[in-house]
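Q: First, the structure itself, so that you have it in front of you.
Take a look at the structure:
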């Protein structure tokens, strides 16, 4: 093509491009205008809900305390506050939701503070362009410290006068930290934030969840002269400041907390040496619920108001005491121990006439020789029993079942042998039993099992079994064989028998830990 034609063609293309740009710009202007008109006139269904319903929805969006413990990113954003969890995420959506969130005190009654994350960048801050006057003794910028203080009080002011829950985590241990000194990291020495918050809001604090070293925990739970009139529940995950040194016991709200009723000593993944109850002085005569490790019987000696106890027994003074203990109010007891003598020793000295629930399957083994005298002596109206039988035959357990038979409604049996299962399914009565769970079983005799379930479904002398669960290994189900059960009018496969029982109102689950083979009804 001649040069003149090429130049002419190029001019034509430029003109066409310019024209298209004009069209595109006009379309962009029209789009903006239409979007503006839509924003001014459109209604969003979620914004038409009554405020009361929106508020209720918001409350169901709140993270649990367990989620807050795991989500340390809450304060890791460079600017406070972060937006990872409700209620902050709800308040950042739009003006309408922000107004509702800020006007709903319940959304702000739980406050999480993970100081390790807040001060993680303190070393970098100390190397920045800020002057030395803007840094504290550990290199933490005053602006960050002041922002955190303002953020804390702004959050808690939105809770109005509601009871508060604090979830505090202070410097989880790691290879980069040394906790043997009282002022070893910025996070450790920033306790004035937590101390100030606890002191200022002591009159509203109802639930404290604290993860801290013993040094930091002592500064917080041992605050002298501070009253906590509403404090009811304390959850502690403590670890020694030195792996070879356990300090003197911490005074744990022994005074100034008249409503303190529940104590949980939570174990964490990073604990080299789990902390037991003997590491704390506590108001034992006030407690109604306890969960954690114990290595002495002080909890039971003075726990006349205890209603629920979940504890792991460690070797210690528990084996040296012989005082008989009767607790008239204890209704639920969960025990575990790696020491085969610990639980039998406790049963030998304990009488619980009000016991409704006894959970022993977390222990390595349940000894019927010690359990039976305990049940006969206590004569409890037991409704729930969970045991681990391992290689025991049923004969040693007959006295236990006889002692609780008139009241027992729910039974869990872990690791039964084949002979135990056969004897239990063909001989046990337990007239009020309505829920049975068999865990970690060998392959079951399904004919015995179906005969047991039919009997529990039709016998007028026995309570109707409503729930049955069987978890066995290897988790294989052979369903091609027909077999007849007395009381049924025809031979059926296993799944057909289960379906018939399900139609009669029984919920049944059969499978392994990782696989469901048969599931009928709600289990």
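Numbering (my numbering), first residue to last: 793 to 1315.
For every residue, glycine included, the Cβ atom is placed at its ideal position computed from N, Cα and C.
1) Between the Cα of residue 1260 and the Cα atoms of 801, 1195, 1229, 1050, which residue gives the shortest distance?
2) Less than 8 angstroms between the C-beta atoms of residue 1080 and residue 1058, yes or no?
3) With distances taken Cα to Cα, identify the nearest neighbour of residue 1087 among 992, 1131, 850.
4) Can you give me the C-alpha to C-alpha distance between residue 1217 and residue 1157, rounded to a whole angstrom?
5) Identify, in the order they occur along the chain, each residue of the same chain with its Cβ nearer than 8 angstroms to the Cβ of residue 1046, setting aside the five sequence neighbours on each side.
6) Is residue 1001 near residue 1027, with beta carbons less than 8 angstroms apart?
7) Determine the closest residue to residue 1151 out of 1170, 1124, 1162, 1164, with distance taken between C-alpha atoms.
8) When you compare only the Cα positions, how much space is there between residue 1174 and residue 1204?
9) Quick one: using the 10 Å Cβ neighbour count with 16 as the cut-off for buried, is residue 893 buried or exposed?
10) Taking residue 896 and residue 956 to be in contact with their CB atoms under 8 angstroms, please state how far apart those CB atoms are, rounded to whole angstroms.
11) For residue 840, count neighbouring Cβ atoms within 10 angstroms of its own Cβ and tell me buried if that reaches 16, exposed if not.
12) Nearest CA to the CA of residue 1263: which residue from 1241, 1231, 1247?
13) Less than 8 angstroms separating the beta-carbons of residue 940 and residue 985?
14) Please state the DSSP three-state secondary structure of residue 752.
15) Using a threshold of 8 angstroms, state whether the C-beta atoms of residue 1212 and residue 1185 are closer than that.
16) With a Cβ-Cβ cutoff of 8 angstroms, do residue 1195 and residue 1225 count as a contact?
17) On the criterion of 16 or more Cβ atoms from any shown chain inside 10 Å, does residue 1292 qualify as buried, or is it exposed?
18) Counting only beta-carbon separations shorter than 8 angstroms, does residue 957 have a partner in chain C?
19) Am I right that residue 899 and residue 889 are in contact with their C-beta atoms under 8 angstroms? What's the rounded C-beta distance?
20) Pop quiz: residue 1238 and residue 1277 are said to be a contact at Cβ under 8 angstroms. What is the actual Cβ separation, rounded to whole angstroms?
21) My assumption, with CB atoms under 8 angstroms, is that residue 1003 sits in contact with residue 949. Please give the rounded CB distance.
22) If I measure Cβ to Cβ from residue 1118 and keep anything under 7 angstroms in the same chain, skipping five residues before and after, which residues do I get?
23) Let me know the secondary structure DSSP gives residue 938 once reduced to three states.
24) Helix or strand or just coil, what does DSSP make of residue 1299?
25) Have a look at 1298, 1312, 1206, 1243 and flag the residue whose alpha-carbon is nearest the alpha-carbon of residue 1305.
26) Would you kindly work out how many angstroms separate the C-alpha atoms of residue 834 and residue 827, rounded to a whole number?
27) Just checking my contact of residue 994 with residue 1042 at CB under 8 angstroms: how many whole Å lie between their CB atoms?
28) Which residue marks the beginning of the alpha helix (DSSP H) containing residue 1237, and which one marks its end?
29) DSSP state of residue 1312, grouped into three classes?
30) Suppose you measure from the CA of residue 943 to the CA of residue 824; what does that come to, to the nearest Å?
31) Excluding the 5 residues preceding and the 5 following residue 1077 in the sequence, name in chain order all residues of the same chain whose CB lies nearer than 8 angstroms to its CB.
32) Among residues of its own chain, excluding the 5 on either side of residue 1241, which ones have a beta-carbon nearer than 8 angstroms to its beta-carbon?
33) Going along the chain, which residues of its own chain have a beta-carbon closer than 8 angstroms to the beta-carbon of residue 798, five neighbours each way excluded?
34) What do you get for residue 1283, buried or exposed, if any count of 16 or more other CB atoms within 10 angstroms of its CB means buried?
35) Under DSSP, the alpha helix (DSSP H) around residue 1158 begins and ends at which residues?
36) Would you say residue 1104 and residue 1070 are within 8 angstroms of each other, going by their C-beta atoms?
A: Taking the structure as given:
1) From the listed residues 801, 1195, 1229, 1050, the smallest Cα separation to residue 1260 is found for 1229.
2) Their beta carbons are not under 8 angstroms apart, which means residue 1080 does not touch residue 1058 by this criterion.
3) Nearest C-alpha to residue 1087: 1131.
4) Their backbone Cα atoms lie some 21 angstroms apart in a straight line.
5) The residues are 1073, 1074, 1075.
6) A contact, by the Cβ cut-off of 8 angstroms.
7) Of 1170, 1124, 1162, 1164, the residue nearest in Cα terms is 1124.
8) The alpha-carbon atoms of residue 1174 and residue 1204 are separated by roughly 13 angstroms.
9) Residue 893 is buried by the Cβ-count criterion.
10) In fact, because the Cβ distance is near 15 angstroms, the residues do not count as touching under 8 angstroms.
11) Exposed: under 16 other Cβ atoms inside 10 Å.
12) It is 1231 whose Cα lies nearest to the Cα of residue 1263.
13) Judged by their CB atoms, residue 940 and residue 985 are nearer to each other than the 8 angstroms cut-off.
14) The first residue shown for the chain is 793 and the last is 1315, placing residue 752 beyond what the model contains.
15) Taking C-beta atoms as the reference points, residue 1212 and residue 1185 count as a pair closer than 8 angstroms.
16) Not a contact, by the Cβ cut-off of 8 angstroms.
17) Burial call: buried.
18) Looking for chain C here will not work: only one protein chain is present.
19) Not a contact, Cβ separation roughly 11 angstroms.
20) Actually they do not touch by this definition, with Cβ atoms about 10 angstroms apart.
21) Taking the Cβ atoms as the reference, residue 1003 lies roughly 25 angstroms from residue 949, outside the contact range of under 8 angstroms.
22) Listed in chain order, the non-local C-beta contacts of residue 1118 below 7 angstroms within the same chain comprise 1143, local neighbours out to five positions each way being set aside.
23) Here residue 938 sits in helix by DSSP.
24) Looking at residue 1299 - three-state DSSP - the assignment turns out to be strand.
25) Considering only 1298, 1312, 1206, 1243, the residue with the shortest C-alpha distance to residue 1305 is 1206.
26) If I take the Cα positions, the gap works out to 10 angstroms.
27) Contact between residue 994 and residue 1042 is absent: CB atoms are separated by about 18 angstroms, not below the 8 angstroms threshold.
28) For residue 1237, no alpha helix (DSSP H) encloses it, and the DSSP letter there is neither H nor E.
29) Of the three classes helix, strand and coil, the one that applies to residue 1312 here is strand, per DSSP.
30) A straight-line Cα-Cα distance of about 37 angstroms links residue 943 and residue 824.
31) Counting only residues of its own chain and dropping the five nearest sequence neighbours on each side, residue 1077 has a CB closer than 8 angstroms to the CB of 1094, 1095, 1096, 1097.
32) Correct list, in chain order: 1217, 1262.
33) So the list is empty, once near-sequence residues are dropped.
34) Flag for residue 1283 reads exposed.
35) Counting along the chain, residue 1158 falls outside any alpha helix (DSSP H), and DSSP gives it neither H nor E.
36) Inclusion of residue 1104 and residue 1070 in the CB contact set at 8 angstroms is not warranted, their separation being larger than that value.
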